[in-house]
Amino acid sequence: MIDLSAFPITQKWPAQYPDWIQLYSLPTPNGVKVSIMLEEIGLPYEPHKVAFDSNDQLSPEFLSLNPNNKIPAILDPHGPEDKPLPLFESGAILIYLADKSGQLLAQEGALRYETIQWLMFQMGGIGPMFGQLGFFNKFAGKDYEDKRPRDRYVDESKRLLKVLNGRLEGRDWIMGERYTIADIATFPWVRNLIGFYEAGDLVGISNFPNVTRVLERFLARPAVIRGLTIPS
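Count the sequence shown with the numbering used here and you get residues -2 to 229, in order.
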């Protein structure tokens, strides 16, 4: 059995199955990327809830794994050279798990880099912009009388949705017929934008039929249905 005692995070969240990938997360758009990925590829993992209401993400144990105090993070007891690997940043984790499993990302060639390109489109655009729109529409930002900050993110979110909608024209998934980590990264954020953030009407989501079509297809996948609630 693998000994993970050298990692302080296991003191706060003990590993019942230390030979499995340890997932430290919460069912947010970034968090469910990794739980969905793990459900899709079938690698054994043990989820641990990092509760924001008790500031778990600011605890010394969590910061020892991710000094940027953001979820998700993983600890893989069987990393490269069969040595434990701690890893944070959802995009990096998706690439790592795809390479480890040989699934949902081409191992070489142009298709690999094109998929990573669309993953970065989500990481650098869709995630930050939709998140800011959520702040200004649903949370503290909604109390600002000046709506220019909100409208800035509305306009940018519309632009990003237009790009995504164009990419999906005539395609089943972002990369065509192949379901990939680009889809796993992107569609939890679209779901959150029109669901939890209640911004569907604000961005005119009905104007992006390819996005809603593929979102519906994404949400029907059994692994996605399971992953969206992990950790509960």
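We put the beta carbon where it would ideally sit given N, CA and C, even for glycine. It should be emphasised that the depicted structure is a prediction, and the values quoted were computed from it without experimental measurement.
Contact between Ile227 and Pro24 holds, with the beta-carbon distance rounding to 7 Å and staying under 8 Å. Lys159 has its alpha-carbon roughly 41 Å from the corresponding atom of Pro74.
Counting every other CB atom within 10 Å of its CB across the protein chains shown gives Leu55 a total below 16, marking it as exposed. Secondary structure note for Leu72: its beta strand (DSSP E) is the uninterrupted segment 70 to 73. The region 147 to 219 contains no complete beta strand (DSSP E) run of 3 or more residues. About 7 Å separates the Cβ atoms of Leu1 and Leu72, confirming a contact at the 8 Å cut-off.
Close CB contacts of Pro5 within its chain, under the 6 Å cut and outside five residues either way in sequence, are with Glu58, Ser61 (chain order). The beta carbon of Gly88 is closer than 6 Å to those of Leu116, Met120 in its chain, skipping five residues each way along the sequence. Within the same chain, Trp186 come within 6 Å of Gly124 by CB-CB distance, once the 5 residues on both sides are set aside. A distance of 7 Å or more separates the beta carbons of Ile178 and Ile191.
Around Thr7, the same chain offers Leu1 as residues with beta carbons nearer than 6 Å, after the five sequence neighbours per side are excluded.
For Glu36, the enclosing alpha helix (DSSP H) begins and ends at 26 to 38. Nearest Cα to Asn52 within the set Glu43, Lys67, Arg210, Leu157: Lys67. Taking C-alpha positions only, Asp198 is separated from Val151 by approximately 11 Å. Of the residues assessed, Gly28 falls on the buried side of the cut-off, its CB having 16 or more other CB atoms within 10 angstroms.
Per DSSP, the unbroken alpha helix (DSSP H) holding Ile6 starts and ends at 6 to 9.
Looking at the DSSP output, Ile18 sits in a beta bridge with Tyr42. In terms of Cα proximity to Phe49, the closest of Ser22, Glu37, Ile38 is Ser22. The three-state secondary structure of Phe133, taken from DSSP, is helix. When beta bridges are read from the DSSP output, Leu91 appears opposite no residue.
DSSP, reduced to helix, strand and coil, places Leu23 outside both helices and strands of the structure shown, so it counts as coil. Pairing Phe184 with Gln129, the inter-Cα distance amounts to about 17 Å. Look at the beta carbons and you see the region 8 to 20 touching the region 30 to 46: at least three pairs across the two are nearer than 8 Å. DSSP, read as helix, strand or coil, puts Leu84 in strand.
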